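Trainee:
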Amino acid sequence: MSQANAYEQYMLELINLNEAAENHNSWMIATDTFSHIS
Numbered sequence: 095m096s097q098a099n100a101y102e103q104y105m106l107e108l109i110n111l112n113e114a115a116e117n118h119n120s121w122m123i124a125t126d127t128f129s130h131i132s
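Residue numbers (my numbering): 95 to 132.
Here's what the structure looks like:
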């Protein structure tokens, strides 16, 4: 398997960031948390 080039690495980071944001959003909804301030 070849090494990802800079563009491919950047795209993977964006995908991971988007997935993290979606998971955080799901957690906020599941825990009825609609603020980042406790």
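Note that CB positions come from ideal geometry on N, CA and C, so glycine has one too. Quick caveat, the model's predicted, so the values are computed rather than measured.
(1) Can you tell me the Cα-Cα spacing of residue 106 and residue 96, whole angstroms?
(2) Would you identify the three-state DSSP class for residue 114, choosing helix, strand or coil?
(3) DSSP three-state call for residue 95: helix, strand or coil?
Mentor: Quick look at the numbers:
(1) The sequence position of residue 106 within the sequence shown is 12, counting from 1. The sequence position of residue 96 within the sequence shown is 2, counting from 1. Spanning the two alpha carbons is a distance of roughly 15 Å.
(2) One-based indexing of the sequence shown puts residue 114 at position 20. Three-state DSSP puts residue 114 in a helix.
(3) Position 1 of the sequence shown, counted from the first residue, corresponds to residue 95. Coil at residue 95, not helix or strand.
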